[in-house]
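A short write-up of the structure that comes next.
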Amino acid sequence: IFLLSSTVCQGTNNKLTQLGHVEDHFTSLQRMYNNCEVVLSNLEITYVEHNRDLTFLKVSVLIRPILVAMQMG
Numbered sequence: 001i002f003l004l005s006s007t008v009c010q011g012t013n014n015k016l017t018q019l020g021h022v023e024d025h026f027t028s029l030q031r032m033y034n035n036c037e038v039v040l041s042n043l044e045i046t047y048v049e050h051n052r053d054l055t056f057l058k059v060s061v062l063i064r065p066i067l068v069a070m071q072m073g
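Residues in the sequence shown are numbered from 1 upward in steps of one, following the UniProt record's numbering.
Here's what the structure looks like:
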């Protein structure tokens, strides 16, 4: 029942690929995971500057692994 009432997002399979400039990459992460509670594929948080606000992440269910890598600054 939780999954049916949750906001679901696809996730990514980019591994360590940076999606454009650092700012564009972060904007893509925000767009993809904002208000997302269930991630069906990989949750990949990469190339994020250490002072960025990640409070948009509200994920409570992961189907696949998490990749957190390449902290910038």
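All residues carry an ideal CB built from backbone N, CA and C; glycine is no exception. Since we're looking at a predicted model, the values are computed, not measured.
- Taking 9 Å as the cut-off, the beta carbon of V48 is found no closer than this to the beta carbon of C9.
- For N13, no pairing in a beta bridge is given by DSSP.
- Of the residues E23, H21, T12, the one whose Cα lies closest to the Cα of V68 is T12.
- The beta carbon of S6 is closer than 6 Å to those of E37, V38 in its chain, skipping five residues each way along the sequence.
- Between L16 and E44, the alpha-carbon positions lie close to 9 Å from each other.
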